[in-house]
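A.B. asks: My questions all concern the structure below.
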Amino acid sequence: APEPSAQDVSLGVEWLTRYGYLPPPHPAQAQLQSPAKLRDAIKVMQRFAGLPETGILDRVTMATMQRPRCSLPDVLGVAELVRRRRRRRR
Amino acid sequence: YALSSSKWEKRTLTWRVRSFPQSSALTAETVRTLMHHALSTWGIESGLRFQELDSQDPTEPDILIDFARAYHQDSYPFDGQGGTLAHAFFPGEHPISGDTHFDDEETWTYGSKDGEGTDLFAVAVHEFGHALGLGHSSAPNSIMRPFYQGPVGEPHKYRLSQDDREGLQQLYGKVPETPYDKPTRKPLAPAPPPPALPPDSPSLPVPDRCDGNFDAIANIRGEIFFFKGPWFWRLQPSGQLVSPRPARLHRFWEGLPAEVKVIQAAYARHPDGRILLFSGPQFWVFQDRQLEGAPRPLTELGLPAGEEVDAVFSWPLNGKTYLIRGGRYWRYDEAAARPDPGYPRDLSLWEGAPHAPDDVSVSNAGDTYFFKGAHYWRFPKGSVKADPDSPQPMGPKWLDCPAPSARPHSPRPPRATLEPGTCDCSCEINE
Chain A
5 APEPSAQDVS
15 LGVEWLTRYG
25 YLPPPHPAQA
35 QLQSPAKLRD
45 AIKVMQRFAG
55 LPETGILDRV
65 TMATMQRPRC
75 SLPDVLGVAE
85 LVRRRRRRRR
Chain B
816 YALSSSKWEK
826 RTLTWRVRSF
836 PQSSALTAET
846 VRTLMHHALS
856 TWGIESGLRF
866 QELDSQDPTE
876 PDILIDFARA
886 YHQDSYPFDG
896 QGGTLAHAFF
906 PGEHPISGDT
916 HFDDEETWTY
926 GSKDGEGTDL
936 FAVAVHEFGH
946 ALGLGHSSAP
956 NSIMRPFYQG
966 PVGEPHKYRL
976 SQDDREGLQQ
986 LYGKVPETPY
996 DKPTRKPLAP
1006 APPPPALPPD
1016 SPSLPVPDRC
1026 DGNFDAIANI
1036 RGEIFFFKGP
1046 WFWRLQPSGQ
1056 LVSPRPARLH
1066 RFWEGLPAEV
1076 KVIQAAYARH
1086 PDGRILLFSG
1096 PQFWVFQDRQ
1106 LEGAPRPLTE
1116 LGLPAGEEVD
1126 AVFSWPLNGK
1136 TYLIRGGRYW
1146 RYDEAAARPD
1156 PGYPRDLSLW
1166 EGAPHAPDDV
1176 SVSNAGDTYF
1186 FKGAHYWRFP
1196 KGSVKADPDS
1206 PQPMGPKWLD
1216 CPAPSARPHS
1226 PRPPRATLEP
1236 GTCDCSCEIN
1246 E
């Protein structure tokens, strides 16, 4: 798939942050968003949307972000997600 | 499924629609009915009960429903047509907990083909899932998926997916067995919401259920129906009213002729579950909500030609059906499908029963209740002698009404029929 444009990436990251897939940015920490983290976030979003979990911000994934939906985030608090992951690992 | 970190501790939640859609063809009555169905979808699987508050009721409901646009004083501004459609707040002690907001700039529809507008019922079921504590789910057929999946069919036929039921039962446990005898059939499905009326059609004045004086009262598959003129109320086995507002008689009982203005008596026939509605010297037989065949004469049940009934009930103890007119009653043997000989008899054999009752019904616990005016007389299961403390006001026990105050005009209980045997009572002319 063609590389997504910078604008798509920016819109995509904004959307993923809004709906809980990425932690909200913090001006003081400016934590870096590793490409792997971004890819994971895209995969989880694709699962909620019923799309193939490629981890790539392709055209279909970008178009899905425009579909009518509920305003609430899909992932309830990244901390909650971490807790669940820890629980699963245990 | 995913759970938020909160749930309601109480099991009866109140709700009210505070504002209605301005840019959709749905009437307020349709919106309220759709909200009732959407809440009932979760209630049926959890034992949660939902009680609609009247618009005049000053109580703050647990679930306050609004149609709003753009920024509406919470942290989720809407974005015009498309995009975000609605949101709801998880359970909690905050005033906004449980509240549910729909974007008023969407074209909300009911029963439209897919692609036309946004199906209000489907989105409402989703949002009430949040209001009860569920997060979004990625399960393929869950109603809690974040993206709108189109209409989900007829509201009164819709059932939650397994994923949604499991998430709900994580929060609220499985449906508790009701303490009543399990009705042998499912309660009647609520009528579909009314079709969109022309925007300025006047809504008919509805009677006040707390006045009593019902035309007919019947236990139909575990629910008590209270009929009055062209309206009726439904009381669920849990003791909750389906809605404080009455439903339309002719919209629900499909095929009931329009010229039938009043239902004088009603009962559910045990052997086959048919429901019989009586008016004048005739009765109509329904299979579920659909009329079955032509009206039948009351003479078939043993009454003289031209006679009418005040009350009819089926007594589970002997499988007989009792038809009451004034101070007399006839008895019909459902199993033999013929009237019992030796009738009519004097109603005073039901010790303490009121003359010409509005109707009689047997509760899910098996007690027999005579209703008249705003009062009821209770006959314990298997007994033909009224409780000594009868009559009692029916409003607080049956219809979620305040106890009648000692106001001079509050309806006094009508005099019961005489006890059998001689009596030396001196009846004043106006007693």
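Chains A and B supply the protein sequences, listed in that same order.
So our numbering is basically just the index in the first sequence, starting at one, shifted up by 4.
So our numbering is basically just the index in the second sequence, starting at one, shifted up by 815.
Where is the CB? At the ideal position from N, CA and C, for every residue including glycine.
Using DSSP with H/G/I as helix, E/B as strand and the rest coil, what is B:T1025?
C.D. replies: Locating residue 1025 of chain B in the second sequence gives position 210, where the first residue counts as 1. Here the sequence assigns Cys to residue 1025 of chain B, which means Thr is not the residue at that position. In this structure, B:C1025 counts as helix in the three-state DSSP scheme.
A.B. asks: Below 8 angstroms, can you find three or more Cβ-Cβ pairs linking the stretch 959–967 of chain B to the stretch 67–76 of chain A?
C.D. replies: With a cut-off of 8 angstroms, the stretch 67–76 of chain A and the stretch 959–967 of chain B count as touching, because enough Cβ pairs lie within range.
A.B. asks: Under the three-state reduction of DSSP, which class applies to A:Y25: helix, strand or coil?
C.D. replies: The residue labelled residue 25 of chain A in the question sits at position 21 within the first sequence. It is coil, neither helix nor strand.
A.B. asks: Return no unless some Cβ of chain B is closer than 8 angstroms to the Cβ of A:G16.
C.D. replies: For this step, residue 16 of chain A is matched to residue 12 along the first sequence. It does not; no Cβ of chain B falls within 8 angstroms.
A.B. asks: At 8 angstroms on the CB atoms, spell out the chain A contacts of B:A901, in chain order.
C.D. replies: The count along the second sequence starts at 1 and reaches residue 901 of chain B at position 86. Going along chain A in sequence order, the residues near B:A901 (Cβ under 8 angstroms) are C74, S75.
A.B. asks: So B:E942 contacts chain A; which residues on that side make the cut at Cβ distance below 8 angstroms?
C.D. replies: Locating residue 942 of chain B in the second sequence gives position 127, where the first residue counts as 1. Within 8 angstroms Cβ-Cβ: C74.
A.B. asks: Does the count of Cβ pairs from the stretch 819–831 of chain B and the stretch 874–893 of chain B closer than 8 angstroms reach three?
C.D. replies: Segments in contact, yes.
A.B. asks: Would B:G948 and B:P906 qualify as a contact pair, given that the criterion is a beta-carbon distance under 8 angstroms?
C.D. replies: Translated into positions along the second sequence, residue 948 of chain B becomes position 133. Translated into positions along the second sequence, residue 906 of chain B becomes position 91. Closer than 8 angstroms, so yes.
A.B. asks: Which of the three DSSP states, helix, strand or coil, is assigned to B:S1176?
C.D. replies: Against the second sequence, residue 1176 of chain B aligns to sequence position 361. Residue state, collapsed to three classes: strand.
A.B. asks: Does the separation of the CB atoms of B:G1181 and B:K1196 fall below 8 angstroms?
C.D. replies: Position 366 of the second sequence, counted from the start, is the residue given in the question as residue 1181 of chain B. Position 381 of the second sequence, counted from the start, is the residue given in the question as residue 1196 of chain B. Cβ atoms of B:G1181 and B:K1196: closer than 8 angstroms.
A.B. asks: Quick check on DSSP: helix, strand or coil for B:P1112?
C.D. replies: Reading the second sequence from its first residue, position 297 is the one you call residue 1112 of chain B. Three-state DSSP puts B:P1112 in a strand.
A.B. asks: Which of the three DSSP states is assigned to B:A817 in this structure?
C.D. replies: Taking the second sequence and counting its residues from 1, one reaches residue 817 of chain B at position 2. DSSP places B:A817 in coil when its eight states are reduced to three.
A.B. asks: Alpha carbon to alpha carbon, how far is B:Q866 from B:T827? Give it in angstroms, no decimals.
C.D. replies: Translated into the one-based positions of the second sequence, residue 827 of chain B becomes position 12. Translated into the one-based positions of the second sequence, residue 866 of chain B becomes position 51. About 7 angstroms.
A.B. asks: So with Cβ pairs under 8 angstroms, would you call A:R63 a contact of chain B?
C.D. replies: As a first step, residue 63 of chain A is located in the first sequence; it is residue number 59 there, counting from the start. Chain B contact via Cβ: absent.
A.B. asks: Taking B:G950 as the query, report the chain A residues whose CB atoms sit under 7 angstroms from its CB, ordered along the chain.
C.D. replies: Mapped onto the second sequence, residue 950 of chain B falls at position 135. Near B:G950 (Cβ distances below 7 angstroms), the residues of chain A are L80.
A.B. asks: I'd like the span of the beta strand (DSSP E) that includes B:S1129, first residue to last.
C.D. replies: Here residue 1129 of chain B is taken as the residue at index 314 of the second sequence, counted from 1. Per DSSP, B:S1129 belongs to the beta strand (DSSP E) from 1126–1130.
A.B. asks: Which residues of the stretch 48–62 of chain A have a Cβ closer than 7 angstroms to any Cβ of chain B? Give them in chain order.
C.D. replies: Residues R51, F52, A53, G54.
A.B. asks: Quick check on B:E1069: buried or exposed, where buried means 16 or more other Cβ atoms within 10 Å of its Cβ?
C.D. replies: Walking along the second sequence from the start, residue 1069 of chain B turns up at place 254. When all chains shown are included, B:E1069 counts as exposed.
A.B. asks: Only counting runs of 3 or more residues, tell me where the beta strand (DSSP E) segments fall wholly within the stretch 896–935 of chain B, in order along the chain.
C.D. replies: 899–903, 915–918, all fully within the stretch 896–935 of chain B.
A.B. asks: What's the call for B:D1173, buried or exposed, on a 16-neighbour Cβ count within 10 Å?
C.D. replies: For the purposes of this step, residue 1173 of chain B is identified with residue 358 of the second sequence, where counting begins at 1. It counts as buried.
A.B. asks: Run the CB neighbour count on B:E875, radius 10 Å, all protein chains shown included, and call it buried at 16 or more, exposed below.
C.D. replies: Looking up residue 875 of chain B in the second sequence gives position 60. The residue is exposed, with fewer than 16 neighbouring Cβ atoms inside 10 Å.
A.B. asks: Taking the alpha carbon of A:Q70 as the reference point, which residue from A:I60, A:A40, A:H30, A:A53 has its own alpha carbon closest?
C.D. replies: The residue you call residue 70 of chain A lines up with position 66 of the first sequence. Among A:I60, A:A40, A:H30, A:A53, the Cα nearest to that of A:Q70 belongs to A:A53.
A.B. asks: Starting from B:R960, trace the alpha helix (DSSP H) both ways and give me its first and last residue.
C.D. replies: For the purposes of this step, residue 960 of chain B is taken as residue 145 along the second sequence, with counting starting at 1. No alpha helix (DSSP H) holds B:R960; DSSP gives it neither H nor E.
A.B. asks: Just grab the DSSP bridge partners of B:N1034 for me.
C.D. replies: Along the second sequence, one-based indexing puts residue 1034 of chain B at 219. Partner(s): B:I1039.
A.B. asks: Could you check the C-alpha separation between B:D1023 and B:F917 for me, to the nearest Å?
C.D. replies: Locating residue 1023 of chain B in the second sequence gives position 208, where the first residue counts as 1. Locating residue 917 of chain B in the second sequence gives position 102, where the first residue counts as 1. Near 31 angstroms, if we compare the C-alpha coordinates of B:F917 and B:D1023.
A.B. asks: Thinking C-beta only, is B:V1075 closer than 8 angstroms to B:R1089?
C.D. replies: Locating residue 1089 of chain B in the second sequence gives position 274, counting from the first residue. Locating residue 1075 of chain B in the second sequence gives position 260, counting from the first residue. No, Cβ-Cβ distance for B:R1089 and B:V1075 is not below 8 angstroms.
A.B. asks: Considering only the alpha carbon of each residue, which of B:I1032, B:A1150, B:E1122, B:G1108 lies closest to B:R1143?
C.D. replies: For the purposes of this step, residue 1143 of chain B is identified with residue 328 of the second sequence, where counting begins at 1. For the residues B:I1032, B:A1150, B:E1122, B:G1108, the minimum Cα distance to B:R1143 belongs to B:E1122.
A.B. asks: Spell out whether any CB of chain A is found under 8 angstroms from the CB atom of B:P961.
C.D. replies: As a working note, residue 961 of chain B is residue 146 in the second sequence. It does; some Cβ of chain A falls within 8 angstroms.
A.B. asks: Going along chain B in order, which residues have a C-beta closer than 8 angstroms to the C-beta of A:R71?
C.D. replies: Along the first sequence, read from residue 1 onward, the residue named residue 71 of chain A stands at position 67. Neighbours of A:R71 on chain B, chain order: F962, Y963.
A.B. asks: Assuming B:A1081 and B:V1124 make a contact with CB atoms under 8 angstroms, what is their CB distance in whole Å?
C.D. replies: Along the second sequence, read from residue 1 onward, the residue named residue 1081 of chain B stands at position 266. Along the second sequence, read from residue 1 onward, the residue named residue 1124 of chain B stands at position 309. With 8 angstroms as the limit, B:A1081 and B:V1124 do not qualify as a contact, their Cβ atoms being about 10 angstroms apart.
A.B. asks: By how many angstroms is the C-alpha of B:Y816 removed from the C-alpha of B:E981?
C.D. replies: Looking up residue 981 of chain B in the second sequence gives position 166. Looking up residue 816 of chain B in the second sequence gives position 1. Those two C-alpha atoms are separated by around 8 angstroms.
A.B. asks: Can you tell which of B:P1112, B:P970, B:E931, B:S861 has the C-alpha that lies nearest to the C-alpha of B:V990?
C.D. replies: Position 175 of the second sequence, counting from 1, holds the residue named residue 990 of chain B. The candidate whose alpha carbon is nearest that of B:V990 is B:S861.
A.B. asks: By the criterion of Cβ-Cβ separation under 7 angstroms, what are the contact partners of B:G898 in chain A?
C.D. replies: Counting from one through the second sequence, the residue named residue 898 of chain B turns up at place 83. Correct list: P72.
A.B. asks: Count the other CB atoms, across all protein chains shown, that sit within 10 Å of the CB of B:P1223; report buried if there are 16 or more and exposed otherwise.
C.D. replies: The sequence position of residue 1223 of chain B within the second sequence is 408, counting from 1. For B:P1223, the predicted model reports a pLDDT of 41, less than 50, meaning its position is unreliable; a value from the coordinates is still stated below. With fewer than 16 Cβ atoms within 10 Å of its Cβ, B:P1223 is classed as exposed.
A.B. asks: Taking 8 angstroms as the threshold (beta carbon to beta carbon), is B:S953 in contact with chain A?
C.D. replies: The residue you call residue 953 of chain B lines up with position 138 of the second sequence. It does: the Cβ of B:S953 has a partner Cβ on chain A nearer than 8 angstroms.
A.B. asks: Where B:G1095 and B:Q1102 are concerned, what is the direct C-alpha to C-alpha distance, given to the nearest angstrom?
C.D. replies: Position 280 of the second sequence, counted from the first residue, corresponds to residue 1095 of chain B. Position 287 of the second sequence, counted from the first residue, corresponds to residue 1102 of chain B. Cα to Cα, B:G1095 sits roughly 21 angstroms from B:Q1102.
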